[in-house]
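A short write-up of the structure that comes next.
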Amino acid sequence: MNHALDNVDSTAVGPSRHRRCDLVALTSALLPLLDVLSVLFAGYLSARIYAFWLAPTGLTVSAWSGYECTALIAAAMLAAVCLYDQKFGARASRGQRTALLRRYTLGFLLFAGATLVVAFASRALDTLPSAWATLWFGLSLLLTLLARMLLARAMRSMERQGFLTEVIAVVGAGPLADRLISHLRQTRGSAIEVLGVFDDTPTISPTGSARPAGTVADLVALSTTRSIDWIVLTLPCTVEDPLDSLVQRLKDLAAPVVLCPQNFGLTLPSQVIDYVGDGVPVTLLADRPIRRWDAVTKSLEDLVLGALITLVLLPVLILVAVAIRLDSAGPIIFKQRRHTCNNREFEVYKFRTMRWSPVPTTDLKQTARDDDRITRLGRLLRASSLDELPQLFNVLQGDMSLVGPRPHAVNMRTENQLGGEITDTYAHRHRVKPGMTGWSQVNGSRGATDTTEQLRRRVELDLRYVDNWSLQLDLKILLLTVPEVLKRTNAY
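In structure tokens form, the structure reads like this:
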């Protein structure tokens, strides 16, 4: 590895660092929900206050008709639309209070005007006292503003503590990299961490501000210990073949790969797809799969369903563990290093199905049919896939998902070749967490991969899952796994 990497901090392990772009986007996406709840709660409070202080024998919540409740819900939905601020998370994290207040003021004026127009046109105010309507507007203003203030304060606190720091790796040394890094450090130096410039054929600029920290291979290796939010290419976009090859290599990492325009800092490009840092326009070449709310949904799926399945199958786990202990000498749980997201490694748990030897072996031979290493009980466990059940604890620990590409053993070979030697896209399946079951397993690609063609087929199916993930697809795969396990296809 290039010695320049000695200056790069590799002690911050990736999973512990929050992804700023996702958290900022999620914060902005929370606003409509907060606005709806604030307006509805304002309606409830105003009705209580009006009934208690202004009209003791008048309006009460229980006296509301379905029409008034429907009108209040419609107004809350209208508030969510009018007050929505797509850039709230970014502005809040940067402390741009004036911009936030300006956007909120315009949004609330729009909401108030639209509500009054609709109310007068539909004669909705004829059934509700004007004093209550005034009180409701005032409380809606107070609660929606208070929600934003608290959310913005939380964002600023996380920004100061470094949770929202964007880690950026630049690929391609030269004047463009110099301009990019200079801009990032001048605009948001405290919230930007430039991991370094990586270049296979470095051309050190005269200023030396973009001194290369290593090669692209060094960057790929570094990604196993560091979380990277952006990979920015500062290369000529006219060289299509090398650029395409480079993108294919970088797609192994679970980070967006973007192209910085050649005229950055000089003129604004005509087509902008995304922004890095504070207003650096880039073209998105490869995005991180399963991001933002999708990532939250999948995490909840693994946590909730994983915990429920584990509780239901706990008696089975205990019985299998006892049977293994009585059947043969050795540990109950077999552990093996396997690949997980971002080419990292973890220890996968399985019930031991082979004869145990106190002497460690480096033999990574795949299990074959009628393998003499398998115990009598082990054949039953493998045929029924019961040996895979301890991976539920891998799911609860966050190393695996219920659904995803099956984790392969580190340095596993097919026809004496590594996966990356058989297909260039092999490592792309590591852009998401591995799963206990997957799209390839329910589509006839279950078990060992004895031939290179079988491995290519599995990788193709895995990447199809990665590119088309949805909660519905995960649930479908889980349901299809049951009959697939019962058929015992390629299970030995």
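If you want this note's numbering, it's the position in the sequence shown, counting the first as 1, plus 1411. Glycine included, each C-beta is placed from N, C-alpha and C at the ideal position. Please read these numbers as outputs of a predicted model, since none were measured by experiment.
With fewer than 16 other Cβ atoms inside 10 Å of its own Cβ, Y1455 counts as exposed. Beta-bridge annotation (DSSP): A1565 is not paired with any residue. Assigned with DSSP and collapsed to three states, M1765 falls in strand.
Ranked by Cα distance from L1886, the options I1833, V1814, A1440 and V1608 are led by V1814.
Counting every other CB atom within 10 Å of its CB across the protein chains shown gives W1641 a total of 16 or more, marking it as buried. Residue V1435 holds the alpha-carbon nearest to the alpha-carbon of A1503 among V1435, L1664, T1545 and R1755. For S1796, no alpha helix (DSSP H) encloses it, and the DSSP letter there is neither H nor E.
Contact fails between the stretch 1825-1837 and the stretch 1722-1739, because fewer than three Cβ pairs, one in each stretch, are under 8 Å apart. Closest by C-alpha distance to L1444, out of C1480, L1483 and M1488, is M1488.
Taking a 10 Å sphere around the C-beta of F1745, we find 16 or more other C-beta atoms and assign the residue as buried. In this structure the stretch 1565-1580 lies against the stretch 1627-1646, because at least three pairs of beta carbons, one per stretch, are closer than 8 Å. Counted as a single uninterrupted DSSP element, the alpha helix (DSSP H) harbouring P1894 occupies residues L1882 to K1898.
Beta-bridge pairing by DSSP links R1842 to no other residue. Note on D1783: under 16 other CB atoms within 10 angstroms of its CB, so exposed under the neighbour-count rule.
Straight-line spacing of the CA atoms in A1624 and V1608 works out to 5 Å. Taking the Cα positions, E1799 is about 13 Å away from I1743. Note on geometry: alpha-carbon atoms of D1873 and E1604 lie some 33 Å from one another.
In the DSSP assignment, the residues bridged to A1580 are G1607 and I1642.
Judged by DSSP secondary structure, A1859 falls outside any beta strand (DSSP E); it is assigned neither H nor E.
Counting the other CB atoms within 10 Å of its CB gives T1438 a total of 16 or more, which places it among the buried residues. For the 8 Å CB-CB criterion, L1807 and A1718 form a contact. G1506 sits away from R1559, with the two beta carbons spaced by 8 Å or more. It is roughly 21 Å from the alpha-carbon of R1596 to the alpha-carbon of A1666. In this structure, the straight-line span from the alpha carbon of R1763 to that of R1702 is close to 35 Å. With a 10 Å radius around the Cβ and a threshold of 16 neighbouring Cβ atoms, W1767 comes out exposed.
Straight through space, the alpha carbons of S1551 and G1524 are spaced by roughly 14 Å.
Excluding five sequence positions before and after I1484, the CB atoms of its chain that fall closer than 8 Å to its own CB belong to L1451, given in chain order.
With a cutoff of 8 Å on beta-carbon distance, V1631 and D1655 are scored as not near each other. Taking one beta carbon from each stretch, the stretch 1746-1763 and the stretch 1852-1862 have fewer than 3 pairs nearer than 8 Å; the two do not touch. Only residues of its own chain outside the window of five on either side were considered, and among them A1453, G1454 and S1457 have a CB closer than 6 Å to the CB of W1547, listed in chain order.
DSSP places F1804 in no beta strand (DSSP E) but in the uninterrupted alpha helix (DSSP H) bounded by Q1802 to Q1808. Assigned with DSSP and collapsed to three states, E1826 falls in coil, not helix or strand. Spatial neighbours of R1840 in its own chain (CB-CB distance under 8 Å, excluding positions within 5 residues in sequence) are listed in chain order as P1816, V1870, D1873, L1874 and V1877. Here L1521 has C1493 as same chain residues with Cβ atoms under 7 Å from its own Cβ, once five neighbours each way along the sequence are excluded. Per DSSP, reduced to three states, the secondary structure at I1484 is helical.
DSSP, read as helix, strand or coil, puts P1623 in strand.
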